[in-house]
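The structure appears right after this line, and notes come after that.
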Amino acid sequence: MSTRRELRSSHQPTRWLRIGIPVVLILVWVVGGSIGGPYFGKVDEVSTNDQSSYLPQSADATAVSERLPDFLGEDTIPAVVVVTGDGTLTDEQLADLQDFAEQLAEVEGVTGDVSPPIVSDDGEAVQIFVPIDSSGEVSDTVEALRTMIDEDLPAGLEGWVTGPAGFTADLVAGFLGIDGLLLVVALAAVFVILVIVYRSPLLPVLVLLTSTFALCVALLTVWWLAKAGIVVLNGQVQGILFILVIGAATDYALLYVARFREAIAEGMKRWDATTRAWRGSFEPIIASGGTVIAGLLCLLLSDLATNRALGPIAAIGIAFAVLSALTFLPALLAVFGRSAFWPFIPKGPAKPLPDDLTQPVKGFWPRQARFVARRSRPIWIVSTALLLTAAAGILVLQADGVPSSDLVLGASEARDGQDVLAEHFPAGSGSPVYVVVPEDQLDEAASVLDDSDGIDTVAAASADSPTGQAAIEVQDGEAVLTAPGPPGTPAPEPTVSDGDVLLIGTLTDAADSLAAEDTVRELRVAFDDELGAGTALVGGVTATDIDSNDTSIRDRTLIIPVVLAVILVILMLLLRAILAPVLLILSVILSFGAALGVSALVFNGIFRFPGADPAVPLYGFVFLVALGVDYNIFLMSRVREETIGHGTRPGILRGLVATGGVITSAGLVLAATFAALGVIPILFLAQIAFIVAFGVLLDTFVVRSLLVPAVAYDIGRAIWWPSRLARRGTDAAARGAEASVAVAPGRSRRSRRNLEA
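All residue numbers for the sequence shown refer to this note's numbering, where the first residue is 36 and numbers rise by one.
Here is the structure:
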């Protein structure tokens, strides 16, 4: 007896190590979180919301954007101040507006020459072009302009700030809630769910500490990488990072807590329970995190820089979520032990699921397992039919881009100003088409612009002109530059840079409209036909939108198959089989299709959204597939573990019972965290929030609880093909157990009712 006790104690670490290891781990995470916490308030220092900075280098719009300072003198983004009165503006009002335009030039952040007030043809409005330094705080400058309009605009006049700078400012304002409101809502939702699940005040706090500290350290790492220019950070990526880390870290924590709770319930001491829980959860957590990271890193294949930015940033967040769940949380639970579950401390091991399910069972998940065993084929057939029906909604999905004026949900001064501008001026004022062409082809290029029905006026960048540009009139195929001022004023010369000139075409339609996109696409074709392919580069706001959407569509066509292939390989390595991973991937695809189909119907019929960005299906796919595979891994890794000792069919049912609660809790948590994105009034994030939240719930309650277990049960041990588990049972007991479970679904309805009675 003493020899056995001595042998057992020789494998136990000393008391000081059992105390010291958790304490050191906790201190390391506390220090890391304390350093990273303040960086929540410093994200603006390294983030950008300039859409052109996310375009691929090969895009025409990118090339034009990079060359604009060569022609216009400074790197600026235009704001358009629109002013109207009660009717036709009087001479006195126009004189006051001239003085007001001079005041606008004094606002900090305004650079270059502010244009004089330009009166509309109907005489009821003026527009003033205000160049803003794009390297500064554009949103602060726009806010200062709006404040000046509210306070200093002459009585009887009303004004708005719109144009590219105005829309940028509204977009930045929409992201302001990310640092505070988003985190508060997400953490509060998770806390409420955890309290309901665990009925303990302390354990939810420990789990949330795991998620929060993982986010703090992840943000610290991302901040310095962005500071060094290694990654690009914007409000969209930031919001997804926050939600992804909180949701994933909580999911992994729930898996560990479930294993720890099992060990505590069996009467194990803290250290023994910790080591057992860690060993039991290490492989599925590492596999789940690795799968998500691999899926996210596939975004590096994107040509669109915003997608490439999300890949490594989100992968860093998931890595710290995994690390926190496997180090910080075990250390916390090793310190608190069974008291973490107070007041409902688990006592006694869970009652094992009987192999013979012809007898009634107690508990929701045992009853669910019995239902799957007795109705496996009808369950998976009906589930598949319902999911396919829901997926049909994809046919009405409008994911080909949305106007920039609709990116912000709710009130938008820039959108209101754009509407007023379109009533009195060409709707494309302030957001023109820029065309870079060789100087010796100026006449031909100007003729192409002048012949377009979508172009109102044509001008050329000119340093000789007070406004920085000179109007062009095309006469007999020749471009004639005209000078503002009295007759006889010398005509300005176009600015030439590296043998090229810049033409400026004012669009008749709003720059973010479909009509404007058609105009730009037609212009590109016309320039290639007239000047030769690639001779003229067409840029501007509209061209940027076109290039972004086209690149995004190409990205999702490439990346989605790659993500599926990568995850399939990981599942094959984890489950040591081929058939099971293939079926799991098919279930995830089916789940994603159903989620996207229902989302399309909701977006069109209930929310009345104007459409969706082409990246929405891609992001939804990456998140749902990668995170949905998490639950596959949680379930099937436990099923494989149970199969070795009990046989495939009993193993499937035991795995379902063992993981049902944790997967449901994890699904609710992840759905709640992604739903929290809906508090940010940005269309893209609201759509991602709904797709992922709904998809996770669908995956949790239908796919993982019914479809996958039913299919696997119906197939039986062949699910593990071509591994050894598919060819034979592990022992006689397992084979006998499998046979006993297999007969339960075959009994008549009457006999089953008699058995249940």
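By construction, the Cβ of each residue, glycine as well, lies at the ideal position given by its N, Cα and C atoms.
Values in this document were obtained by computation on a predicted structure and should not be read as measured data.
{"Check": "Bridge partner(s) assigned by DSSP for valine 196", "Outcome": "Val116"}
{"Check": "Same chain only: Cβ atoms within 7 angstroms of alanine 629, ignoring 5 sequence neighbours per side", "Outcome": "Leu422, Ala425, Ala426 and Leu733"}
{"Check": "For valine 118 and alanine 179, believed in contact at Cβ under 8 angstroms, the rounded distance", "Outcome": "So it is not a contact: roughly 17 angstroms between Cβ atoms."}
{"Check": "Aspartate 563, enclosing alpha helix (DSSP H) - first and last residue", "Outcome": "549 to 566"}
{"Check": "Stretch-stretch touch, CB-based, cutoff 8 angstroms, three pairs: the region 340 to 347 with the region 306 to 325", "Outcome": "no"}
{"Check": "8 angstroms Cβ shell around valine 177 - same chain, five flanking residues per side excluded", "Outcome": "Ala114, Ile167, Val196, Ala200, Gly201, Thr203 and Ala204"}
{"Check": "Proximity of proline 239 and leucine 229 at Cβ, strictly below 8 angstroms", "Outcome": "yes"}
{"Check": "Through-space distance from glycine 680 to aspartate 766, alpha-carbon basis", "Outcome": "Only weak support exists for where aspartate 766 lies, its pLDDT of 42 falling under 50; the value from the coordinates is given anyway. Using only the alpha carbons, I get a separation of about 8 angstroms."}
{"Check": "Beta bridge counterpart(s) of alanine 494 as assigned by DSSP", "Outcome": "Ala506 and Ile539"}
{"Check": "The region 242 to 262 contacting the region 310 to 325, beta-carbon criterion three pairs below 8 angstroms", "Outcome": "no"}
{"Check": "Three-way DSSP call (helix, strand, coil) for phenylalanine 164 in this model", "Outcome": "strand"}
{"Check": "Simplified DSSP assignment, three categories, for valine 468", "Outcome": "strand"}
{"Check": "Range covered by the beta strand (DSSP E) that runs through alanine 514", "Outcome": "513 to 517"}
{"Check": "Limits of the alpha helix (DSSP H) - the one that glycine 686 falls within", "Outcome": "683 to 710"}
{"Check": "Segments assigned alpha helix (DSSP H), at least 4 residues, entirely inside the region 313 to 389", "Outcome": "340 to 358 and 364 to 371"}
{"Check": "Three-state secondary structure assigned by DSSP to isoleucine 265", "Outcome": "coil"}
{"Check": "Beta carbon of glycine 575 nearer than 8 angstroms to that of tyrosine 469", "Outcome": "yes"}
{"Check": "Same chain only: Cβ atoms within 7 angstroms of glycine 445, ignoring 5 sequence neighbours per side", "Outcome": "Pro716"}
{"Check": "Pair within 8 angstroms by beta-carbon distance, threonine 708 and isoleucine 281", "Outcome": "yes"}
{"Check": "Distance, leucine 211 Cα to phenylalanine 277 Cα", "Outcome": "14 angstroms"}
{"Check": "Member of Thr123, Asp121, Gly122 and Val149 whose CA lies at the smallest distance from the CA of glutamine 133", "Outcome": "Val149"}
{"Check": "Own chain, CB closer than 6 angstroms to leucine 52, minus 5 neighbours either side, in chain order", "Outcome": "none"}
{"Check": "Residues near glycine 663 in its chain [Cβ-Cβ closer than 7 angstroms; skip 5 each side]", "Outcome": "Val623, Ser626 and Asp734"}
{"Check": "Cβ shell of alanine 261 (< 6 angstroms), same chain only, five flanking positions each side left out", "Outcome": "Val81 and Leu268"}
{"Check": "Buried versus exposed, by CB contacts within 10 Å (16 or more), isoleucine 70", "Outcome": "exposed"}
{"Check": "Alpha-carbon to alpha-carbon, leucine 368 and glycine 55", "Outcome": "14 angstroms"}
{"Check": "Cutoff 7 angstroms; reference aspartate 590; Cβ partners in own chain excluding five residues on either side", "Outcome": "Ser337, Asp338, Leu339, Asn342 and Leu653"}
{"Check": "Test item: CB-CB of glycine 147 and glutamate 109 under 8 angstroms", "Outcome": "yes"}
{"Check": "From Gly330, Gly655, Leu432 and Arg759, residue whose alpha carbon lies closest to that of valine 604", "Outcome": "Gly330"}
{"Check": "For threonine 256: DSSP bridge partner residues", "Outcome": "In the DSSP output, where bridge partners are listed per residue, threonine 256 has none listed."}
{"Check": "Segment contact, 8 angstroms Cβ cut-off, at least three pairs: the region 640 to 654 with the region 717 to 733", "Outcome": "yes"}
{"Check": "Which listed residue (Val660, Ala408 and Thr247) has its alpha carbon closest to that of valine 601", "Outcome": "Val660"}
{"Check": "Residues bridged to threonine 97 [DSSP beta-bridge criterion]", "Outcome": "DSSP output for threonine 97 lists no bridge partner at all."}
{"Check": "Pair within 8 angstroms by beta-carbon distance, glycine 191 and glycine 122", "Outcome": "no"}
{"Check": "Contacts around tyrosine 713, its chain only, beta-carbon distance under 6 angstroms, and the 5 residues preceding and following it disregarded", "Outcome": "The sequence given here has glycine at residue 713, not tyrosine. Excluding positions up to five away in sequence, the list reads Ala721 and Ala724."}
{"Check": "Endpoints, the beta strand (DSSP E) within which alanine 76 is located", "Outcome": "It is glycine, not alanine, that sits at residue 76 in the sequence shown. Where glycine 76 is concerned, there is no enclosing beta strand (DSSP E), given that its DSSP letter is neither H nor E."}
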